[in-house]
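Single-structure report; data block below.
Protein chains in written order, with the numbering used here: chain A, 2 to 390; chain B, 2 to 390.
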């Protein structure tokens, strides 16, 4: 069922989207401010993906760049809509709706900004089911919808169109080159597709899931109950049904560099009890990629590795990691459509140069059960119903 | 008067264009081969700029990249025409003719390749009057025609459109980013303009001048007369009327690095007579930028600094400079339209970060006389008539 989103929903959505950002995706705070400013007291129609007309024309919109740059370089605000209009003009067709390409981080907000400016509805789905650092890491691409042509807009009104046919990695490579030359951040419209293609290729109801997560965390805090139980309860009936506490400790080392247009590095988390000698380490490229306990992988992409505050469960991004922070690290399972061989080729460990194979955070037995329920990414194959607000 | 160019003209044109490349512009050899292959026994119509209809629609075509890369990375051949077609599609208008943006080096050949493939005529004019390293360094831009939208094509069929409005330096910056990510070379269509705009902003008859120069050098060699006298005689009645021998010596040191998408460096030329201690040095960014004798500027951009073989006058590019080569260095004056304050701002010494002011190679008195004959870059303000073949 479609529903209306208002400015009052934005803080919860931002919190949930930061959790799904798995350390990256860019801090949604600035995006939230921009949406609030443009939206005022109006609302945005959020379309349920199962209910889309097959011939609906959807143009997703997003921000791209290194999160370390995003928090310092504020968009003028008109860029995402300029990217959408540029792609519409190039294709000779107007969009009926926009959609996130990425439900984690700031990209939960960018389509809402476009919606607030244009009056377009937003489809409750995305192509990453979390955050990933590259434009080619999309379920859209995995299941046959390609990103080209992509339109990109800069803060001085620059407009770029990139068409690499069905080569989405080359599209990412060229668009990244432009984003770097625009100062590290750009806004884009890409993966234009029909309603039928959304139903076939998108991860469904990830906006509502992010909103439900953020809301559950807030309500638990207000009720002085455990926000970790709330996270687990919220996810239990979604496509992201397994949550595992990977480690509790304090941040004892962070290495972070902004290079090649990405924020790359690693964080070491040490036990709270100095008598134990466990070493927990997370490697990241914008997003957290792999978590190792004493050198053994405990969670690896595309499963989610989420660092949150030890008590409040407030999600912490890689650029927000600081020495001495007390944190919990959660591992969260991804939907079956994100774990197929084709999906793992696009955004599994080897796509990031990691030598370890993918291993589901919930263990092999539970994963096999989940996969047996997944036949194709068609409507009905898991519906995130529990997350519907 | 329009004329027909055949494959038999290409070796002379390549030689003359290499001279006008002032060390850069890319070796035209590979471009010449590509044109020969496609053209066969047909001919290409070369349009005299003064005779263009005001509403003729001209789309210039070119290669961009570091000459050091260009000689190793051979184009597939279809890219320049793909760039033209991409811009036509974007603008919704078909070109009536193509034109060089740069008459020096390989960019003397790229519009001919497009002409051979499409049957379009080529306008006998360009926007640099020599070679320059950046896309914004155009008389077109100086006199009010901007490069955007630019279309760029890669060897795997990649297509990119860049529109930075009237900011040609930002267009260069973004296009260079794409060219670097395509391996250092790309093909482009840009500065689309009307026949009236060609007449107002282009350096006229530079294709015929390059052809006349290359032919004069060859004929002098065949007749065992001085090719240097032939160069001087050919240029004497053109807009490039002053030639000065700056130095004779042998190459004793070359520093060259390919960085930021350019070939940058310097060459030292030592006297042939070891008893003299003159030190002659040339600094280059793709093209030769400034020549200094014992630390004093003797020629500086936009005037031409051409290194040629000591005996045959064969032009030597910066990537062709080798230790021990015996060379002559010629300084050649540029047309008055390339020396106005606006022109010097676009491609004079400060545009390259040089601290020395522009000083005409022929001396201030002769330059003042030439400038007094130049009122505007309108038709009739110098016509390169002597170079017409």
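Beta carbons are placed, not taken as given, at the ideal position from N, Cα and C, and that holds for glycine. Predicted model, so just to flag it, every value in this text is computed and none were measured.
Sheet register partners of residue 244 of chain A (DSSP bridge): Working through the first chain from its first residue, we reach residue 244 of chain A at position 243. Its beta-bridge partners are A/333.
How is residue 297 of chain B classed by DSSP in three states: helix, strand or coil? Here the question's residue 297 of chain B lines up with position 296 in the second chain. Residue 297 of chain B: strand per DSSP, three-state reduction.
Would you grab the beta carbon distance between residue 49 of chain A and residue 3 of chain A for me? Rounded to a whole angstrom, and I think it's under 8 angstroms. For this step, residue 49 of chain A is matched to residue 48 along the first chain. For this step, residue 3 of chain A is matched to residue 2 along the first chain. Yes, residue 49 of chain A and residue 3 of chain A are in contact; Cβ-Cβ is about 5 angstroms, under 8 angstroms.
Of all Cβ atoms in chain B, is any one closer than 7 angstroms to the Cβ of residue 163 of chain A? Numbered from 1 along the first chain, position 162 holds the residue referred to as residue 163 of chain A. It does: the Cβ of residue 163 of chain A has a partner Cβ on chain B nearer than 7 angstroms.
I want to verify the contact list: residues of chain D whose CB lies under 7 angstroms from the CB of residue 26 of chain A, in sequence order. No chain D is part of this structure, whose protein chains are labelled A and B.
What's the C-alpha gap between residue 308 of chain B and residue 131 of chain B? Within the second chain, the letter at position 307 stands for residue 308 of chain B. Within the second chain, the letter at position 130 stands for residue 131 of chain B. Spanning the two alpha carbons is a distance of roughly 14 angstroms.
I'd like the ranges of any alpha helix (DSSP H) spanning at least 4 consecutive residues and lying wholly in the segment 204 to 266 of chain B. The qualifying runs are 207 to 223 and 228 to 237.
Between residue 191 of chain A and chain B, is any beta-carbon pair separated by less than 7 angstroms? Taking the first chain and counting its residues from 1, one reaches residue 191 of chain A at position 190. Not one chain B Cβ lies under 7 angstroms of residue 191 of chain A.
Closer than 7 angstroms, Cβ to any Cβ of chain B: which residues of the segment 138 to 153 of chain A, in chain order? none
Indicate the three-state DSSP secondary structure (helix, strand or coil) for residue 179 of chain B in the structure shown. Reading the second chain from its first residue, position 178 is the one you call residue 179 of chain B. Three-state DSSP puts residue 179 of chain B in a helix.
Compare the C-beta of residue 283 of chain B with all C-beta atoms of chain A and state if any pair is closer than 7 angstroms. Numbered from 1 along the second chain, position 282 holds the residue referred to as residue 283 of chain B. At a cut-off of 7 angstroms between beta carbons, residue 283 of chain B makes no contact with chain A.
Taking 7 angstroms as the threshold (beta carbon to beta carbon), is residue 1 of chain B in contact with chain A? One cannot answer for residue 1 of chain B here, as it falls past the ends of chain B, which runs 2 to 390.
Run the CB neighbour count on residue 356 of chain A, radius 10 Å, all protein chains shown included, and call it buried at 16 or more, exposed below. Residue 356 of chain A sits at position 355 when you count from the first residue of the first chain. Result: exposed.
Should residue 295 of chain A go down as buried or exposed, given a rule of 16 or more other Cβ atoms within 10 Å for buried? As a first step, residue 295 of chain A is located in the first chain; it is residue number 294 there, counting from the start. Looking at its Cβ environment, which holds fewer than 16 other Cβ atoms inside 10 Å, residue 295 of chain A is exposed.
Using a Cβ-Cβ cut-off of 7 angstroms, state whether residue 179 of chain B counts as contacting chain A. Within the second chain, numbered from 1, the residue matching residue 179 of chain B stands at position 178. Taking Cβ atoms only, chain A reaches closer than 7 angstroms to residue 179 of chain B, which makes this a yes.
Where the beta strand (DSSP E) through residue 201 of chain A begins and ends: Position 200 of the first chain, counted from the first residue, corresponds to residue 201 of chain A. Here residue 201 of chain A belongs to no beta strand (DSSP E); instead the alpha helix (DSSP H) covers 196 to 202.
Following the continuous beta strand (DSSP E) through residue 164 of chain B, name the residue where it begins and the one where it ends. Counted from its first residue, the second chain places residue 164 of chain B at position 163. 160 to 164 is the span of the beta strand (DSSP E), which, as asked, contains residue 164 of chain B.
Based on DSSP bridge pairs, tell me the residues matched to residue 346 of chain B. Within the second chain, the letter at position 345 stands for residue 346 of chain B. Its beta-bridge partners do not exist; DSSP assigns none.
Please confirm whether residue 159 of chain B has its beta-carbon closer than 7 angstroms to some beta-carbon of chain A. Residue 159 of chain B sits at position 158 when you count from the first residue of the second chain. So yes, residue 159 of chain B belongs to the interface.
Residues that residue 59 of chain B bridges to, as DSSP identifies them: Here residue 59 of chain B refers to the residue found at position 58 when the second chain is read from its first residue. According to DSSP, which records beta bridges pairwise, residue 59 of chain B is partnered with B/98 and B/194.
Identify the continuous beta strand (DSSP E) that holds residue 326 of chain B and give its terminal residues. Working through the second chain from its first residue, we reach residue 326 of chain B at position 325. Careful: residue 326 of chain B lies outside any beta strand (DSSP E) and carries neither H nor E.
Kindly indicate the opening and closing residues of the alpha helix (DSSP H) around residue 115 of chain A. Looking up residue 115 of chain A in the first chain gives position 114. Where residue 115 of chain A is concerned, the enclosing alpha helix (DSSP H) stretches over 111 to 119.
With a CB to CB cut of under 7 angstroms and the five nearest residues on each side skipped, what residues in its chain are close to residue 10 of chain B? On the second chain, residue 10 of chain B is found 9 positions in, with the first residue counted as 1. Excluding sequence positions up to five before and after residue 10 of chain B, its CB lies within less than 7 angstroms of the CB of 212, all in the same chain and listed in chain order.
Using a Cβ cut-off of 7 angstroms (strictly closer), state whether residue 86 of chain B contacts chain A. Indexing the second chain from 1 puts residue 86 of chain B at position 85. Answer no: the Cβ-Cβ gap between residue 86 of chain B and chain A never drops below 7 angstroms.
What residues match up with residue 271 of chain A in a beta bridge as DSSP calls it? Reading the first chain from its first residue, position 270 is the one you call residue 271 of chain A. Looking at the DSSP assignment, residue 271 of chain A forms a beta bridge with A/251.
Whole-angstrom distance between residue 18 of chain A and residue 37 of chain A, CA atom to CA atom: Numbered from its first residue, the first chain carries residue 37 of chain A at position 36. Numbered from its first residue, the first chain carries residue 18 of chain A at position 17. If you take the alpha carbons of residue 37 of chain A and residue 18 of chain A, they lie about 16 angstroms apart.
Residues in its own chain within less than 6 angstroms of residue 81 of chain A by CB, not counting five upstream and five downstream? Numbered from 1 along the first chain, position 80 holds the residue referred to as residue 81 of chain A. 62, 111, 114, 115 and 188.
Pick helix, strand or coil for residue 1 of chain A, following the three-state DSSP scheme. No answer is possible for residue 1 of chain A: it lies beyond the span of chain A, which begins at 2 and ends at 390.
To which residues of the same chain is residue 242 of chain B closer than 7 angstroms at the C-beta, ignoring the five residues directly before and after it? Walking along the second chain from the start, residue 242 of chain B turns up at place 241. Within the same chain, residue 242 of chain B has close Cβ partners 236 and 334.
For residue 308 of chain B, the first and last residue of its enclosing beta strand (DSSP E): Position 307 of the second chain, counted from the first residue, corresponds to residue 308 of chain B. Taken as a continuous stretch (DSSP letters only), the beta strand (DSSP E) holding residue 308 of chain B covers 305 to 310.
According to DSSP, simplified to helix, strand and coil, what is residue 9 of chain B? Translated into positions along the second chain, residue 9 of chain B becomes position 8. Helix.
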